[in-house]
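Dropping the structure here:
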């Protein structure tokens, strides 16, 4: 177990960060990340050495997080008051560090006008840094569809940021 | 090309465009000031989003995080840490997977038992900094001894059952320890070190005599630096020793 412990120590932040940006909830992200490690333990024989270990593990964490997200769908989605931009203003202020709560607020506000698929594609590609083909694999949609969703998402987000950052006023 | 035809492409990053699309975007931006202005805003928005991409949320109680994972695995899959031989076979078999797992596990255990004294005598431990790209907390000799191991390739065969390779970093799990190392370094270190350890159970007295330094490491633990130093200083002596005392006995 010592070896596995080292593996968990090494990758726990990475796993938590992915799950956090998908689930936007600290506790759920922690659960998803922990369950991902347990799944890793169970399926370690499936690792075929062809892919980079982190890429392979990435997929486990993402799938686990997406499953959790589906499970809790409809249950919640915290209410964001209409017109709330406090989080984004934080982002635009040049502030160097965010608490987890602030980060959640920023991402929620940033993605609030996106459709569920646009939100997912944007989260995986732009907030978690997955390649287009990895997003396509994870969400089981074509690469073309990933790009189309990205374009829509980025366009809406740019418009939002434009107002917050006041790019028009220059 | 018209703005409407190019607009969507402006929102895609370089690596999301084909070379032809990249050329089209480039050419259009040179001739259209409106699209160029929009393109700048897109890039600014991208930079703002990158702030989030690069921000890692704070993971509270990190130690507890790992502890909870290990505890769950032990409870669910290993039942008890003090496993009976049968449970231990299952545990080892977990890494082997597939057919003949238990038989293979048993073989490994025989190897482990036969090298038990070696392990007790010369345990590699500590040093877990990935920054140094090498960390050894394992008993490579235990596997090496039984598997005709000579260097990473041999280890890789076995580690296929236990280990992971991440980029050029190598993780291998053995009952009792783990290796995380930079491959070329590991290759070099273990082939030489494994060679020596192959003989240890046959020639423990001779080794003790030849390499008294091995007894002087604090707590009989070697840091990687010490191991490197030791090998560097003794490389020729180890080779000479191997010639004098062949594997399998004199």
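Protein chains in written order, with our numbering: chain A, 649 to 818; chain B, 671 to 920.
Glycine included, every Cβ here is placed at the ideal spot set by N, Cα and C.
All of these numbers come straight from a predicted model, not from anything done at the bench.
- Residues of the same chain with a CB within less than 7 angstroms of the CB of residue 680 of chain B, apart from the 5 flanking positions on each side, are 695, 705, 708, 709 and 712 in chain order.
- The beta-carbon of residue 710 of chain A is placed no less than 8 angstroms from the nearest beta-carbon of chain B.
- Residue 746 of chain A has a beta carbon lying within less than 8 angstroms of a beta carbon in chain B.
- Chain B places a beta carbon closer than 8 angstroms to that of residue 665 of chain A, counting this residue as a contact.
- Within the stretch 712 to 725 of chain B, those residues whose Cβ lies closer than 7 angstroms to any Cβ of chain A are, in chain order, 712, 714, 715, 718, 719, 721, 722, 723 and 725.
- Taking C-alpha positions only, residue 735 of chain A is separated from residue 743 of chain A by approximately 11 angstroms.
- Apart from the 5 residues on each side of it in sequence, residue 692 of chain B sits with its Cβ closer than 7 angstroms to the Cβ of 684 in its chain, given in chain order.
- In its chain, beyond the 5 residues on either side, 660, 663, 664, 667 and 709 have a beta carbon closer than 7 angstroms to the beta carbon of residue 681 of chain A.
- In the same chain as residue 685 of chain A, and ignoring 5 residues on each side of it, the C-beta atoms closer than 6 angstroms to its own belong to 656, in chain order.
- Put simply, the CB of residue 738 of chain B is near chain A, with a gap under 8 angstroms to one of its CB atoms.
- Contact of residue 743 of chain B with chain A by beta-carbon distance below 7 angstroms involves 686 and 689.
- The straight-line gap separating the alpha-carbon atoms of residue 748 of chain A and residue 775 of chain A is approximately 14 angstroms.
- 774, 775, 777 and 780: these are the residues of the stretch 760 to 783 of chain A whose beta carbon lies less than 7 angstroms from some beta carbon of chain B, given in chain order.
- Identification of chain B residues near residue 810 of chain A by a Cβ-Cβ cut-off of 7 angstroms yields 711, ordered along the chain.
- In the DSSP assignment, residue 711 of chain A falls within the unbroken alpha helix (DSSP H) covering 701 to 720.
- In this structure, B:721 is the residue among B:903, B:721 and B:737 with its C-alpha nearest to the C-alpha of residue 745 of chain A.
- Residue 799 of chain A is positioned such that its CB atom lies no closer than 8 angstroms to that of residue 780 of chain A.
- The beta carbon of residue 711 of chain A sits closer than 8 angstroms to those of 786, all from its chain and outside the five residues before and after it, given in chain order.
- Identification of chain B residues near residue 792 of chain A by a Cβ-Cβ cut-off of 9 angstroms yields none; the smallest Cβ-Cβ distance measures about 11 angstroms.
- Separation of residue 713 of chain A and residue 788 of chain A (C-alpha to C-alpha, rounded to the nearest whole angstrom) is 15 angstroms.
- Secondary structure at residue 658 of chain A: helix, using DSSP grouped into helix, strand and coil.
- Those residues of the stretch 798 to 809 of chain A placed with their C-beta closer than 8 angstroms to a C-beta in chain B are 798, 799, 802, 803, 805, 806 and 809, ordered along the chain.
- The straight-line gap separating the alpha-carbon atoms of residue 704 of chain A and residue 792 of chain A is approximately 23 angstroms.
- Around residue 751 of chain A, the beta-carbon contacts reaching into chain B at under 8 angstroms are 722, 725 and 727.
- Residue 739 of chain A belongs to the set of residues whose beta carbon lies under 8 angstroms from a beta carbon in chain B.
- Residue 732 of chain B has a beta carbon lying within less than 8 angstroms of a beta carbon in chain A.
- Residue 770 of chain A is positioned such that its CB atom lies no closer than 8 angstroms to that of residue 740 of chain A.
- For the stretch 675 to 686 of chain B, residues whose beta-carbon sits nearer than 7 angstroms to a beta-carbon of chain A comprise 678, 681, 682 and 686.
- The criterion of a C-beta distance shorter than 8 angstroms is satisfied by residue 670 of chain A and residue 717 of chain A.
- From the beta-carbon of residue 657 of chain A, the residues of chain B found nearer than 7 angstroms are 736.
- With a threshold of 8 angstroms between beta carbons, residue 754 of chain A makes contact with chain B.
- Within the same chain, and ignoring the five residues on either side of residue 707 of chain A in sequence, the residues whose Cβ sits closer than 8 angstroms to its Cβ are 782, 785 and 786.
- For the 8 angstroms CB-CB criterion, residue 762 of chain A and residue 804 of chain A form a contact.
- Counting along the chain, residue 678 of chain B sits inside the alpha helix (DSSP H) bounded by residues 673 to 680.
- Taking the C-beta atoms as reference points, residue 758 of chain A is found nearer than 8 angstroms to residue 808 of chain A.
- Not a single C-beta of chain B is nearer than 8 angstroms to the C-beta of residue 720 of chain A.
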